[in-house]
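Undergrad:
In the working numbering, the protein residues as written are -17 to 332.
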């Protein structure tokens, strides 16, 4: 739970279902609602929805479990030197700086002795695997049969609205759906005007093509501040046009081997980002060491670079597009009208 709305403290799942309830009420419809999960989140979300069945919280709600995970790797010396010596770093006082440099040297020696680029397996299994980026969330609908179930339960289904769970203002707005339908494109991307705190790429023209670019793909982080529009990671998707770009049709969704082959073929066309994370290894009596490891991610915004996947872009209000990622953002979120806006588009269960 993150805020009190409708007389109770609500979590993100509650909030998104309440928005769907409001749209159902206003438009006299019964929207299908999907939560995509990973091995980290599936048990908790599934349990929460099961507990709420008596309130019809889970009516017409689907879970799409993740089908792809990655194995972390030992970083290379080059990865670590790039992170610590070429990326911007805060300078400490002289003695603290020496201690940090000594630690970095020890960790580089560890990586070289353990095997640069080798599988990271010297820890608990949960510390050795990782989610592989949100690009896979929509292909997971194909792989785990969720999209097939959605279409079987509603043969008229033509469009998907996809957004982050922390984008609280995003809802199934009929006007935006109508805009997407009129554009007749495979995908419509929602953007907001960039502010200083908006980090992570945005809308750019690259080699003459308007597309989303990730901050990780930019050669210099300063370029990001020249982009006028920030990617909210909210997409309206034409199901049939998307399936066509993967080389699939609705009828193919029952052929698991063909679906898997087409998904992996498309994945091979997507850029892969190398991320350095820290993991803890506990030993002895409550002692722990912290090691840098490498993991890989693919991001959905890179689909806009595909020439065969035609996209349109729309500038939406900040209330709709902003994301609530940190506890520190809550105070401003409560005071700037964001909470009141969210409550206005929700219909809470009693």
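Idealized CB from N, CA, C, for every residue including glycine. All of these numbers come straight from a predicted model, not from anything done at the bench.
(1) Restricting to runs no shorter than 3 residues, where is the beta strand (DSSP E) found entirely within the region 293 to 317?
(2) Can the beta-carbon of residue 303 be found less than 8 Å from the beta-carbon of residue 214?
(3) What are the residues that DSSP puts in a beta bridge with residue 218?
(4) Are the beta-carbon atoms of residue 148 and residue 306 separated by less than 8 Å?
(5) Taking the beta strand (DSSP E) that residue 43 belongs to, which residues open and close that run?
(6) So residue 162 is in the alpha helix (DSSP H); what residue range does that whole segment cover?
(7) Would you say the region 128 to 142 touches the region 195 to 203, given that touching needs at least three Cβ pairs under 8 Å?
(8) What number of angstroms, rounded off, separates the C-alpha of residue 242 from the C-alpha of residue 115?
(9) Contact between the region 190 to 200 and the region 218 to 225: three or more CB pairs below 8 Å?
(10) Got a sec, what are the start and stop residues for the beta strand (DSSP E) residue 265 sits in?
(11) Could you tell me the boundaries of the alpha helix (DSSP H) in which residue 132 lies?
(12) Residue 181: which of 253, 75, 107, 196 sits nearest, CA to CA?
(13) Give the straight-line distance between the Cα atoms of residue 57 and residue 166, rounded to the nearest whole angstrom.
(14) Have a look at residue 248 and residue 55 and give me their C-alpha separation to the nearest angstrom.
(15) Taking Cβ positions, are residue 102 and residue 275 nearer each other than 8 Å?
(16) Within 8 Å, do at least three Cβ pairs link the region 284 to 295 to the region 223 to 235?
(17) Of the choices 121, 75, 5, whose alpha-carbon is the least far from that of residue 229?
(18) So, do the region 21 to 28 and the region 45 to 54 have three or more beta carbon pairs nearer to each other than 8 Å?
(19) Smallest Cα separation from residue 208: which of 185, 309, 7, 262?
(20) Provide the residue(s) that pair with residue 65 in DSSP beta bridges, ordered along the chain.
(21) Let me see if you follow: with CB-CB separation under 8 Å, is residue 322 close to chain B or not?
(22) Do you know offhand how far residue 259's Cα is from residue 110's?
(23) Mark residue 206 as exposed unless 16 or more other C-beta atoms lie within 10 angstroms of its C-beta, in which case mark it buried.
(24) In chain order, what residues of the same chain have a beta carbon less than 7 Å from the beta carbon of residue 279, not counting five sequence neighbours either side?
(25) Under three-state DSSP, which class holds residue 121?
(26) Would you tell me roughly how many angstroms separate the C-alpha atoms of residue 324 and residue -11, rounded to the nearest one?
(27) Could you check which residue in 43, 7, 61 has the C-alpha nearest to that of residue 91?
(28) CA-CA distance, residue 153 and residue 179?
(29) Would you say residue -9 and residue 2 are within 8 Å of each other, going by their C-beta atoms?
TA: According to the structure shown:
(1) Here the runs fully enclosed are 293 to 297.
(2) Position 321 of the chain shown, counted from the first residue, corresponds to residue 303. Position 232 of the chain shown, counted from the first residue, corresponds to residue 214. In this structure, residue 214 lies closer than 8 Å to residue 303 by Cβ.
(3) Position 236 of the chain shown, counted from the start, is the residue given in the question as residue 218. In the DSSP output, where bridge partners are listed per residue, residue 218 has 143, 170.
(4) The sequence position of residue 148 within the chain shown is 166, counting from 1. The sequence position of residue 306 within the chain shown is 324, counting from 1. One thing to note: residue 148 has its Cβ within 8 Å of the Cβ of residue 306.
(5) Counting from 1 along the chain shown, the entry for residue 43 is found at position 61. Here the beta strand (DSSP E) through residue 43 covers 43 to 47.
(6) The residue labelled residue 162 in the question sits at position 180 within the chain shown. Start and end: 156 to 165.
(7) The answer is no - the region 195 to 203 does not touch the region 128 to 142, with fewer than three Cβ pairs under 8 Å.
(8) Looking up residue 242 in the chain shown gives position 260. Looking up residue 115 in the chain shown gives position 133. Rounded to whole angstroms, the separation of the alpha carbons of residue 115 and residue 242 is 17 Å.
(9) Segments in contact, no.
(10) Residue 265 sits at position 283 when you count from the first residue of the chain shown. Annotation: the continuous beta strand (DSSP E) that includes residue 265 extends over 255 to 265.
(11) As a position in the chain shown, residue 132 is number 150, starting the count at 1. Per DSSP, residue 132 belongs to the alpha helix (DSSP H) from 128 to 135.
(12) Position 199 of the chain shown, counting from 1, holds the residue named residue 181. In terms of CA proximity to residue 181, 196 leads the group 253, 75, 107, 196.
(13) Counted from its first residue, the chain shown places residue 57 at position 75. Counted from its first residue, the chain shown places residue 166 at position 184. Taking the straight line joining both Cα atoms gives about 44 Å.
(14) For the purposes of this step, residue 248 is taken as the residue at position 266 of the chain shown. For the purposes of this step, residue 55 is taken as the residue at position 73 of the chain shown. So the two alpha carbons sit approximately 23 Å from each other.
(15) Along the chain shown, read from residue 1 onward, the residue named residue 102 stands at position 120. Along the chain shown, read from residue 1 onward, the residue named residue 275 stands at position 293. Yes, Cβ-Cβ distance for residue 102 and residue 275 is below 8 Å.
(16) Touching, yes.
(17) Your numbering for residue 229 matches position 247 in the chain shown. Ranking the options by Cα distance to residue 229, first place goes to 121.
(18) Result yes; three or more Cβ-Cβ pairs closer than 8 Å.
(19) Taking the chain shown and counting its residues from 1, one reaches residue 208 at position 226. Looking at the Cα atoms, 185 is the closest of the given residues.
(20) On the chain shown, position 83 is the one that residue 65 refers to. DSSP lists no partner for residue 65.
(21) Protein chains in the displayed structure number just one, and chain B is not present.
(22) As a working note, residue 259 is residue 277 in the chain shown. As a working note, residue 110 is residue 128 in the chain shown. The straight-line gap from Cα to Cα measures roughly 11 Å.
(23) If you number the chain shown from 1, residue 206 lands on position 224. Label assigned to residue 206: buried.
(24) For the purposes of this step, residue 279 is identified with residue 297 of the chain shown, where counting begins at 1. Taking residue 279 as the centre and dropping the five residues before and after it, the same chain places the C-beta of 114, 115, 255, 257 closer than 7 Å to its C-beta, in chain order.
(25) The residue given as residue 121 occupies position 139 in the chain shown. Of the three classes helix, strand and coil, the one that applies to residue 121 here is helix, per DSSP.
(26) Here residue 324 refers to the residue found at position 342 of the chain shown. Here residue -11 refers to the residue found at position 7 of the chain shown. When only Cα atoms are considered, residue 324 and residue -11 end up about 14 Å apart.
(27) Within the chain shown, numbered from 1, the residue matching residue 91 stands at position 109. For residue 91, the closest of 43, 7, 61 by C-alpha to C-alpha distance is 61.
(28) What you label residue 153 is simply residue 171 of the chain shown in a count that begins at 1. What you label residue 179 is simply residue 197 of the chain shown in a count that begins at 1. Taking the CA atoms as reference points, residue 153 sits about 23 Å from residue 179.
(29) Counting from 1 along the chain shown, the entry for residue -9 is found at position 9. Counting from 1 along the chain shown, the entry for residue 2 is found at position 20. For residue -9 and residue 2, no; Cβs fall outside 8 Å.
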